[in-house]
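In my numbering, the protein residues as written are 675 to 853.
Scroll down for the structure; my scribbles are underneath it.
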């Protein structure tokens, strides 16, 4: 990650706190002498990298564009009982890591697969994701009767504040119930 306090920068924070004289690398014969000047040079290189990465993405923070999993679904796969009185209720959490400096509203809509012959929207949820945090919204819905047995991919439409991100996350349900 390119963000402040993340990834390589977090490693440099640890090195500054621990202040080792030598750093060993399994791929090199000799240890590296870790001086304050070397750490400062590494921080400058990271700052240049962050600026360069930021030129590639249309986000306030580069990590929104480079962390492909900044929005994720947990659990990714839901297995439901296939015979009554099985539970037909699905509940998943849609997690987002807000790399930005201010809280953002996230809205998520679960869309029924075309094969379900069901109205498009299964469930919607929204929540405020605080700056610098990873937080979630919960989607919950009942699988409609008559869904064929098997694995079903449930697409998610996602909005981040006013920005529609598209239908780019999904989760799977293993289900199917007698009509």
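Here a beta-carbon is modelled for each residue, glycine too, at the ideal position from N, C-alpha and C.
*How many angstroms separate the CA atom of residue 783 from the CA atom of residue 731?*
25 Å
*Identify whether residue 829 lies in helix, strand or coil by the three-state DSSP scheme.*
strand
*Tell me the start and end of each unbroken beta strand (DSSP E) in the stretch 746 to 784 that is at least 3 residues and wholly inside, in chain order.*
If we require 3 residues or more, the beta strand (DSSP E) runs fully inside the stretch 746 to 784 come out as 751 to 753 and 763 to 771.
*Rounded to a whole number of angstroms, what is the C-alpha to C-alpha distance between residue 813 and residue 708?*
49 Å
_For residue 797, list the residues DSSP reports as bridge partners._
BP columns for residue 797 point to 784.
*Please name the residue, chosen from 706, 701, 702 and 713, that lies closest to residue 691 on a Cα-to-Cα basis.*
713
*Return the first residue and the last residue of the alpha helix (DSSP H) that residue 730 is part of.*
Taken as a continuous stretch (DSSP letters only), residue 730 belongs to no alpha helix (DSSP H), as it is neither H nor E.
*What separation, rounded to the nearest whole angstrom, lies between the Cα atoms of residue 693 and residue 685?*
12 Å
_So, for residue 841: in the same chain, excluding its five sequence neighbours on each side, which residues have a beta-carbon less than 6 Å away from its beta-carbon?_
Only 829 and 831 meet the Cβ criterion.
*Give the DSSP bridge partners of residue 698, in chain order.*
BP columns for residue 698 are empty, so no partner.
_Nonlocal neighbours in the same chain, by C-beta distance under 8 Å from residue 846, ignoring five residues either side_ = 750, 751, 752, 825, 826, 827 and 828
*Over the uninterrupted beta strand (DSSP E) stretch that includes residue 814, give me the two end residues.*
808 to 816
*asked:* Is the separation between the beta-carbon of residue 809 and that of residue 755 shorter than 8 Å?
replied: no
*Could you give the DSSP three-state label for residue 821: helix, strand or coil?*
DSSP places residue 821 in coil when its eight states are reduced to three.
_If you measure between the beta carbons of residue 799 and residue 785, is that distance less than 8 Å?_
Not closer than 8 Å, so no.
*For residue 768 and residue 716, the rounded distance between their alpha carbons*: 35 Å
*Are residue 764 and residue 748 touching if we call contact CB-CB under 8 Å?*
no
*asked:* If contacts are defined as beta-carbon pairs under 8 Å, then residue 683 and residue 727 qualify, I think. What distance do you get, rounded to the angstrom?
replied: With a Cβ gap of about 13 Å, residue 683 and residue 727 do not count as contacting.
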